[in-house]
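Reading through the structure tokens given below for one structure.
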Amino acid sequence: METDKDHIHYMIETEPTMSVSKIVNLMKSYTTHHIWERHPNYLRKHFWKEHTFWTDGYFACSVGNVSEEMLRKYIENQGQEGGDGQC
């Protein structure tokens, strides 16, 4: 995982039966719950509806012909000078 100004890059390996939308939904649900649990007063100032945090959409891409190490380095460079933000 690596964060940028307005998004997060994840490298995930999962069972082929798990859909991308299910993975995203689980990650958003889990992190929203814990973020609200830890910072409720701050978040109430910025969100009109409790337990809202992420936008509804997401972007996902798959990679091929790239080693795991190359992908890991790409993700680690996001959010730093020189990270191009392209998959």
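Residue 1 in numbering that gives the first Met the number 0 sits at position 2 of the sequence shown, and the numbers go up by one each step.
Don't be surprised by glycine CBs; every beta carbon is placed ideally from N, CA and C.
Please read all numbers here as calculations on a predicted model, not as lab measurements.
About 6 Å separates the beta carbons of W35 and L42, which is inside the 8 Å limit, making them a contact pair.
Secondary structure of H50 (DSSP, three-state): coil.
Looking at the DSSP output, T2 bridges to I7. About 5 Å separates the beta carbon of E1 from that of Q77, a gap short enough to meet the 8 Å contact definition. Put simply, the backbone Cα of T51 is about 21 Å away from that of V19. When the five nearest sequence neighbours on each side are left out, no beta carbon in the same chain lies closer than 8 Å to the beta carbon of D55.
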